[in-house]
Ligand code: SF4
Ligand code: SF4
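In my numbering, the protein residues as written are -5 to 89.
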């Protein structure tokens, strides 16, 4: 859950361009939330919903510019719409 919204309903996570990625491991070693996994020499976004909503720190570290994220404004708009559908968040601990 993220602020009382099922995390899977929020499409915020990195996408790796396999054409650009060299498998340097920088993103894998940096992310403290285990979003990435190495499979041989290739990095995979194995746990996309463990990505912190709004975080894009690994993007700037990629030497190949291979990591992208959705448009944050669109995601914020979507979240605002989802919040209207959900009960207040007082009972849910924040992450
Ligand atoms: S944006 Fe942040 S939480 Fe998400 S994968 Fe990158 S470093 Fe991890
Ligand atoms: S930092 Fe960029 S080039 Fe390195 S493994 Fe991650 S996506 Fe690939």
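Note that beta-carbon positions come from the ideal geometry of N, C-alpha and C, so glycine has one too.
No experiment lies behind these values; they were computed from the predicted model shown.
Query                                                                                                                         : Result
Where residue 37 and residue 79 are concerned, what is the direct C-alpha to C-alpha distance, given to the nearest angstrom? : 36 angstroms
What's the C-alpha gap between residue 0 and residue 58?                                                                      : 32 angstroms
Residue 72 to residue 4, Cα distance in whole Å?                                                                              : 8 angstroms
Just to confirm the assignment, what range does the alpha helix (DSSP H) spanning residue 68 have?                            : 66 to 79
Starting from residue 60, trace the beta strand (DSSP E) both ways and give me its first and last residue.                    : Per DSSP, residue 60 belongs to no beta strand (DSSP E) and is neither H nor E.
Under 7 angstroms, do residue 6 and residue 69 count as touching if we go by C-beta distance?                                 : yes
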